[in-house]
Every structure is written in C-alpha cells, then in structure tokens.
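**Student:** So that we are looking at the same thing, I have put the structure below in structure tokens.
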Amino acid sequence: MSESLGKLIDGSESSLRAFLDNLPGVDKVGAEGRAAMLGTRSIKTTSKARAIDLAISMVDLTTLEGADTPGKVRSLCAKALRPDPTDLTVPHVGAICVYNDMVKIARDYLDSIGGQSIPVAAVSTAFPSGRASMEVKLRDTQDAIESGASEIDMVIDRGAFLSGKFGLVFDEIREIKALCGETAHLKVILETGELATYDNVRKASYLAMLAGADFIKTSTGKVAPAATPPVVLVMLEAVRDFFSLTGKRIGVKPAGGIRTTKDAIKQLVLVNETTGPEWLTPKLFRIGASALLNDLLMQRMKLRNGRYSSANYVTVD
Amino acid sequence: MAADIFEYAPAPESRAIVKLKSEYGLFINGKWVSPQSKKKFASINPATEEVLAKVSQGSQADVDKAVKAARVAYNKVWSKTKPKERAKYLFRIARLLQERAREFAVLESLDNGKPIRETRDVDIPLSAAHFFYHAGWADKLEYAGYGDNPKPYGVVAQIIPWNFPLLMLAWKVAPALATGNTVVLKPAETTPLTALLFAEICEQAELPAGVVNIVTGDGTTGAALVNHGDIDKVAFTGSTEVGKLIANSIADRGIPATLELGGKGANIVFDDAPIDEAVEGIINGIFFNQGHVCCAGSRLLLQESIVDDFLTKLQSRMAKIRVGDPLDKNTDLGAINSAAQLSKIKELSESGTKEGANIWSAPCTLPAKGFWYPPTIFTGVTGAHRIAREEIFGPVLSVLTFRTPNEAMEKANNTPFGLSAGIWTEKGSKILWAAQQLKAGVIWANTFNKFDPASPFGGYKESGWGREGGRHGLAAYIKGAK
C-alpha cells in the first residue's frame, strides 16, 4: 500500500467505508456494453495460436469435487505438466488447484515427475462458503501451507461484506495474508455471483487489494453466474487503477464458466485492452478451469493439423 | 517485449461478396438509364484511393425525368395502393436488407471508409430496423395522432449525406413510403454505392416503378432537385451551410422541408459520474464513425475536480483505439471519408493550435495511402476558440472544464447548434435537472450515440427543422401534420 493510501485507510470500519463508498460507481449498461464489444474481437491465425498457448500457461487446472481421489489428482498433475503427451511444445499450465487434503499428494507427485515449477494452489478458509470461525480458517490455511501449497485461494465472508462489515472482511484477509507471508501467494475469491452488483464487485476488489491480496479471483466455481466478461472487466479496471494509485500490480483470476477456447480468448482480449499486455502473464492472470484445457488442446491440434480431431485425442482427467 | 505478446493478426472481412459493376446509371422509373450528359465520376475507397466504380452525374434533365416518374407513380399507383399493401413492400425491403446484410456492410465500408464492425453492427441492422418499424406504421397512420385521414405530400425530394449512406437513406425512404409518398433521392457524391445497391433491392422487392428514384451526382444535381418546381416536400440531411440554402430556396414556394444539420454536442461529465463508462462514452461519442456524426459529442465538458484523472484515463484509452483497414474486423477507427474532409479537419485542428489550445494525438501508425487522421484531443480549449464552436466532423475532441452544474449548462448551450448532449452522473435528480436545461434535440444520460427507429431524432436552432424516426418523424411526411 502506498504511503498516502496507508494514511487514508487505517483498517478501521469508518476509514474503509469512506474509501470504498467514494469509489466511482459502475454503470451496468455501459460496462456490459464494453465487455460485449470486446467480445467481438476477431482473433485468428498466428494471434490465435499465441493466445491458445498463453491461455494454457494461465490455466489453474482445478478439481474440487467431494469425489476426488489421489489417483485423479495425480493424473491431473501429469496433465498439468504435459497437457498434450504427443506434443511437447505445449506449455505447462499455471498451477494445480485442489482441496487441502490433496495438496501433499499433488506436490509430491509433481516433484517426482519433474513438475517442480508448477505451484499447487489450495482452496482455503472453509471453501466455498467461508462459513467458519476465524480460528478454523487460519488452521485450514496453515494446514494447506504445511502440506506444500504455494498459493492460497481464500474465500471472503460474503455475508459480512453484504451487511457492510468491511472491517471484518478486511481483517480476515489481512490475517490470512500474514499467515501466508512470503511462502504462499494469496488469491482472494470474491464470489461475484453473490455480490449482486458491479459496484460491489469493485468495492470488494479494492477491499481485497487494500488488505494485501496478491490476486483477486472471481468465483469458487460453485455459484453461477461466475466469471462473466463484465465482472472480469470491472476487476481488471480495479487492478489497473490500484496500480496507478500504489505502483503495485495485483493479479486477476476469473474462474467458473470458462469452458471453451473462445471464452478464454475473450478473457485475454479483456486483459489486453483494459490493463494492457503487462498483465498477460501467468504471474498476473490465471484462469480457473478444468474442461477448458481440453478444448484449448483440441483447438491447438486443429491449428497444427488443419482439421479437428475427436475428443479421443485428448486425455480425460 | 510485452507489447508483442498478443498482437491481433489481420482479420479482414472478405470483399468477394460484393459484385460491383464498373459503371452505374441512374435508377429512374424502375429502370437503369444513362445520364443525359453521359458524364460519369468515380467513387473511390477512401482507405486506399482505389476507384470502386463510376457513377452517373445527374443533370437538370435527369432530375426532371426522375421527378416526372415519381409524380406519375404517385398519381397512378402509389396513392391508390392500400396502406396494408405498402406495408408489405416495406417488410419485403427490410427482409431483403437483412438477407444481404453482409454485402451491404462490406460495400458501405469500402465506399465510406468506416470500420466493418460498425457497418455490420450498426448501419445495416439499423437500416433494416427502420424499414421494419415504418412497415408497421403504414396501415395505422390514422392512429398516429395526425387526424383520422392523414394524407401524404406526394413527391418528396430527399438528399442524404456521406456519413451514414444507407442508414440516412433508410431514415428518409422508409417513412416517406410508409406514409404514401414517392421519392427522388440523391445520395452523397462520395458515397453513392449502397444507394445504388438499394435500387437493386427495390427491383428485387418488385416495388412499383417510379416509387423510388435514385439520381446520383454532385451539389448541382442536389440543387436541381431542390429547386424543381414539381416537388411537394424536401428532406435534407447534411451541413448547416447547405441547409440554409435549401431554406432560402423553398421560402417563397410554399413547400415544407425537414432539415437535419450540424451539431457541436456537449458531453458533460460530472464528478459523480461512473468514470470508466464515461470514458467509454466519450470515446464512442467522438470516435464512432471517425467523428463523422452530426450528433457527435465533440465538446467534452469536464468538472474541474476530476480533470486530471479523467484525461489520464481518456488518453490511455485513446492509445488503445485500433486505427487502420476498415475491412479488418478489429478496426475501431477507419478512414476519413474524403480528401476534402481531411483538409477541413486539418485546417480546424491547426486553428486550435494557433489559438492556443494544446493538441494530443494517440500514438498510432497511419496507412500511407488513403485519408487518415489520428484520434486527437485538444485541452485548454476556451469557448472563444474555433474548435469549440465550429463542427470539425472528424476524430477531434475539444475539452473544456466547468466548476458548477449551472456553468456546465451555460457552456453546453452556448452554441448556435442544438442537436445532441450527453450527461454523465450517477445522480438521477441531476440527470433530470440537466435534461431540462439543455437545448438539444437528443439527450443521452450515461450513454451516447444510441439510436432506435422508434425514437425521434432532430435538432434545436441551427441543427435543423423537424424530427426523424418515431411517431414524431411521421409528421414530416404527412400533409399538414406538425
């Protein structure tokens, strides 16, 4: 946080409210119109090839099911490292994203197959609802870090946010951030589908950034709507403006509902024309997804071979 | 370097769909005829200066022939055609425009220089919508509020500009036909091709001969048409200068005119505006269609407390505008329509610098051939500068500031024009208050350049007479209606 911003916001409820309520509003029609217009960009040939590889390198390959098994997680890790076993020019994905108890399994397996550079992200703080005591949330996060998670995807307490308790949300993020320290990157999940308005998305984005988030993330993937283009647009505007305010670049992670190459490329266009290409790196932009990766691979094959292959040419998870 | 990460490869729309003839005649009485003078002139692609086709220079004799054809068609056919039948023709035209939308979009882009994204998403769909909308009115005119037996004028002379060639044709032709008039239309000298393609639509729709006549040519052709003794009404969209000539010409002839003329629209941003969307709205207001828009928001009025932040955001957004090949689907700003218009833009911009305003243009590479001007803003503009008063009709924005809402209204209204205005604030009461103060025919709140056939469009003061579109627009083509 910059010095002037630090003076303005001491973490108290009133200082947060004064700051967040003074942010310019978001005009719904205008924001949706801008996102829709950017959705008409036509990304073809060489730029499509680039976009596909970029998108693959940004995927947080995710499995967050009650039915997850160590076997499934390991097979996902193998895929994360070599998404297309027949083509080693395909980049590895941005990270693996799993529940806490799978973190160690994923970390160990990745290390054993040469995937040391792929981080393991854990969803934390009573994901997906965030309905637990702070003590439990801290313990949950501690557990993930100890198991080898280098990225923590925490959820905010939407109930507190919606009832205007900005200070409470701020303190929770700050405590989790303190726990993460230098060991783990902190992604803060806003669950935009529950925030109801773009104004709230903007406020929650700033609240998370002020409290120390390294990334702001749209959704848990358990609530719809999730990473819609206008929501991502509003969050990208927030990180862009936060950068000009503080000189600090915060990442953005849309998650949920991004299933096709077309969806993913639309996200990259949003980044390119909102924050600029500085954010077009896995360090600052990730896409939380599972099915997306196979579609990216199939489109990549199509560009390479000139024809579509059946789904049998990409691996199932 | 980061900038290379994600360059958009060229994504040009194919022009194969457009089958141009090398030469075009005039469309009179349902037939293609040669102009009496035999003279032809070239219509060029302003993005490349390539000749697209040669079109006919209509003269007095051709205008006579066209007006006569329209008169005969009115007397013998169109005035006897039942309203329900007129509606069928309009529906047919609307559907044909939709069916051939891509062809029209590509041709409009080629002939005008505007981006395919705009012709595809705005010009052509809106043109079709105008025909659909007016088709609906044709058999319901007695319920429009202009008496229980509304009558057409007869033969209408229509002259349209080059900025939205097909759309302006639709704005003129659709209501004229719906109300039962016949038409002689002169498209703009630099953009006649979609009007000629529209003549093909009239043939395809089997519209009776003479109901729509299209005479191409330059200003002398337009003058011959306006001054013709057997027309019953004039409808013109174009410059205020020519509008005044037309007003003079009809003053002692007892025929009415609808004039849609220039503008110097104020886009007013208050400090409580939705800033990011306001930036988009300002961009859209002045750079849509290269600023060749009579209702463009060409004066930005900014509240003093947000000037610096807003201009920073505006400039960084301007730097992202994609200038280039109009047929590329990712182009935001296309070519300036003509060499003449380009020199007018340059002349006015130079006056801005000379008179003490600060110029800033977005860094972009302009193509070597064709007519181009980069997205440009002037800051430090005062009300006395020419660039604050005269219509530039190009991608050039003049930025003025204000301290209080009253001052904003005073500055916004301080112009001989009164076509459009934009209000940007999240405070509803301020929108309602400002809309009452502003002397402009169209006022947008937290948006800009939104058009719909059901919404009347027109100006105060030197921006024109009458309205186009909606129930109000019908009055322009119904005898005695106000």
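Protein chains in written order, with this note's numbering: chain A, 1 to 317; chain B, 1001 to 1482. We put the beta carbon where it would ideally sit given N, CA and C, even for glycine. Predicted, not measured: the structure shown is a model, and the values here were computed from it.
1. Do you know how far the Cα of Ala289 (chain A) is from the Cα of Asp68 (chain A)?
2. Taking C-beta to C-beta, are Tyr1146 (chain B) and Ala1475 (chain B) nearer than 8 Å?
3. Comparing C-alpha positions only, which one of B:Leu1185, B:Gly1334 and B:Ile1423 sits nearest to Lys1511 (chain B)?
4. List, in chain order, every chain B residue whose beta-carbon is nearer than 8 Å to that of Ile105 (chain A).
5. Is it buried or exposed for Arg1253 (chain B), if we count other Cβ within 10 angstroms and need 16 for buried?
6. Could one say the Cβ of Thr1119 (chain B) lies closer than 8 Å to chain A's Cβ atoms, at least one of them?
7. What residues of chain A sit near Ala1273 (chain B), judged by a beta carbon separation below 9 Å?
8. Below 8 Å CB to CB, which residues in the same chain sit around Asp214 (chain A) once its five sequence neighbours on both sides are set aside?
9. Tell me which same chain residues have a C-beta within less than 8 Å of the C-beta of Ser1022 (chain B), skipping the five on either side of it?
10. Kindly give me the distance between the Cβ atoms of Leu1366 (chain B) and Pro1375 (chain B), rounded to whole angstroms, as I take these residues to be in contact under 8 Å.
11. Excluding the five sequence neighbours on either side, which residues of its own chain have a C-beta within less than 6 Å of the C-beta of Thr1382 (chain B), listed in chain order?
12. Tell me, please, whether the CB atom of Ala204 (chain A) is closer than 8 Å to any CB atom in chain B?
13. Between Tyr206 (chain A) and the rest of its own chain, which residues show a CB-CB distance below 8 Å, the 5 nearest in sequence each way excluded?
14. Looking at the unbroken beta strand (DSSP E) that takes in Ala1053 (chain B), where does it start and where does it end?
15. Out of curiosity, what's the CA-to-CA distance linking Ala144 (chain A) and Arg259 (chain A)?
16. What in chain B is Cβ-close to Lys266 (chain A), meaning under 7 Å?
17. Closer than 7 Å by C-beta to Phe1104 (chain B): which residues in its own chain qualify, once you throw out the five before and the five after it? Chain order, please.
18. Starting from Thr281 (chain A), follow its DSSP beta bridges and name the residues at the other end.
19. Going by alpha carbons, who is nearest to Gly1473 (chain B) out of B:Thr1401, B:Glu1260, B:Gly1243 and B:Trp1444?
20. With a threshold of 8 Å between beta-carbons, can Ala1003 (chain B) be considered close to chain A, or not?
21. Going by beta carbon distance, what residues of the same chain come within less than 6 Å of Met1001 (chain B), once the five residues before and after it are set aside?
22. Can you give me the Cβ contacts of Leu1107 (chain B) inside the same chain, cut-off strictly under 8 Å, excluding the 5 residues immediately before and after it?
23. Work out the CA separation of Ile1377 (chain B) and Lys1450 (chain B) for me, nearest whole Å.
24. Within the 8 Å Cβ cut-off, does Gly181 (chain A) reach chain E?
25. To which residues of the same chain is Gln1036 (chain B) closer than 7 Å at the C-beta, ignoring the five residues directly before and after it?
26. Under 8 Å: do the region 1310-1321 of chain B and the region 54-66 of chain A share three or more Cβ pairs, one atom per stretch?
27. Using the Cα positions of Asn1358 (chain B) and Ala1384 (chain B), report the straight-line distance between them to the nearest angstrom.
28. Please report the straight-line C-alpha distance between Thr1190 (chain B) and Ala204 (chain A), rounded to a whole angstrom.
29. In chain B, which residues lie with their C-beta within 9 Å of the C-beta of Ala31 (chain A)?
30. Measuring alpha carbon to alpha carbon, tell me which residue in B:Ala1251, B:Leu1327 and B:Ile1201 is nearest Ser1014 (chain B).
31. Restricting to Cα atoms, I'd like to know which of B:Trp1137, B:Leu1311 and B:Asp1111 is closest to Phe1091 (chain B).
32. Where does Cys97 (chain A) fall in DSSP's three states?
33. What are the start and end residues of the alpha helix (DSSP H) that includes Val1173 (chain B)?
34. Tell me whether the beta-carbon of Thr261 (chain A) lies closer than 8 Å to the beta-carbon of Asp295 (chain A).
35. Work out the CA separation of Ser124 (chain A) and Glu151 (chain A) for me, nearest whole Å.
36. State the DSSP-derived secondary structure class of Asn1248 (chain B), mapped to helix, strand or coil.
**Tutor:** Judging by the given coordinates:
1. If I take the Cα positions, the gap works out to 16 Å.
2. Their beta carbons are under 8 Å apart, which means Tyr1146 (chain B) touches Ala1475 (chain B) by this criterion.
3. This structure cannot speak to residue 1511 (chain B), because chain B is shown only from 1001 to 1482.
4. Those do not exist, as Ile105 (chain A) stays about 34 Å from chain B at its closest Cβ, beyond 8 Å.
5. Here Arg1253 (chain B) is exposed: its Cβ has fewer than 16 other Cβ atoms, across all protein chains shown, within 10 Å.
6. Cβ-Cβ to chain A under 8 Å: no for Thr1119 (chain B).
7. In chain order: Pro24, Gly25 and Asp27.
8. Once the five neighbours on either side are set aside, the close Cβ partners of Asp214 (chain A) are His185, Leu186, Lys187, Ile250 and Gly251.
9. Hits under 8 Å: Ala1053 and Lys1054.
10. Going by Cβ atoms, the distance from Leu1366 (chain B) to Pro1375 (chain B) rounds to 11 Å, so no, they are not a contact pair.
11. Excluding positions up to five away in sequence, the list is empty.
12. When Cβ-Cβ separations below 8 Å define contact, Ala204 (chain A) makes no contact with chain B.
13. In the same chain as Tyr206 (chain A), and ignoring 5 residues on each side of it, the C-beta atoms closer than 8 Å to its own belong to Phe19, Leu20, Leu23, Ala238 and Phe242, in chain order.
14. Element bounds for Ala1053 (chain B): Glu1050 to Ser1056.
15. If you take the alpha carbons of Ala144 (chain A) and Arg259 (chain A), they lie about 27 Å apart.
16. Under the 7 Å cutoff, chain B gives no residues; its nearest Cβ is about 13 Å from Lys266 (chain A).
17. Cβ neighbours of Phe1104 (chain B) beyond the five flanking positions: Leu1097, Ile1124, Leu1166, Thr1194 and Leu1197.
18. Thr281 (chain A) is not bridged to any residue.
19. Minimum Cα distance to Gly1473 (chain B) is reached at B:Glu1260.
20. Residue placement at Ala1003 (chain B) is flagged as unreliable, the pLDDT there being 45, under the threshold of 50; the coordinate-derived value follows with that caveat. It does: the Cβ of Ala1003 (chain B) has a partner Cβ on chain A nearer than 8 Å.
21. Note that Met1001 (chain B) has pLDDT 36, beneath the 50 cutoff, so the model's placement of it is unreliable and the number below is only indicative. Correct list: empty, nothing qualifies.
22. The beta carbon of Leu1107 (chain B) lies closer than 8 Å to those of Val1018, Leu1020, Leu1193, Thr1194 and Leu1197 in the same chain, with the five residues before and after it left out.
23. Going by the C-alpha atoms only, they are around 23 Å apart.
24. Looking for chain E here will not work: the only protein chains present are A and B.
25. Its chain contains Ser1059, Ala1061 and Asp1062 as the residues whose beta carbon lies nearer than 7 Å to that of Gln1036 (chain B), once the 5 sequence neighbours on both sides are disregarded; these appear in chain order.
26. Fewer than three Cβ pairs drawn from the region 1310-1321 of chain B and the region 54-66 of chain A lie within less than 8 Å of each other, which leaves the two stretches out of contact.
27. If you take the alpha carbons of Asn1358 (chain B) and Ala1384 (chain B), they lie about 15 Å apart.
28. Rounded to the nearest whole angstrom, the CA to CA distance from Thr1190 (chain B) to Ala204 (chain A) is 52 Å.
29. Residues of chain B passing the Cβ test: Pro1274, Asp1276, Glu1277 and Glu1280.
30. When only C-alpha atoms are compared, the closest one is B:Leu1327.
31. Closest option to Phe1091 (chain B), Cα to Cα, is B:Trp1137.
32. Strand, per DSSP.
33. Residues Pro1165 to Ala1178.
34. Yes; because the gap between Cβ atoms is below 8 Å, this pair is in contact.
35. In a straight line, the C-alpha of Glu151 (chain A) is about 10 Å away from that of Ser124 (chain A).
36. Helix, per DSSP.
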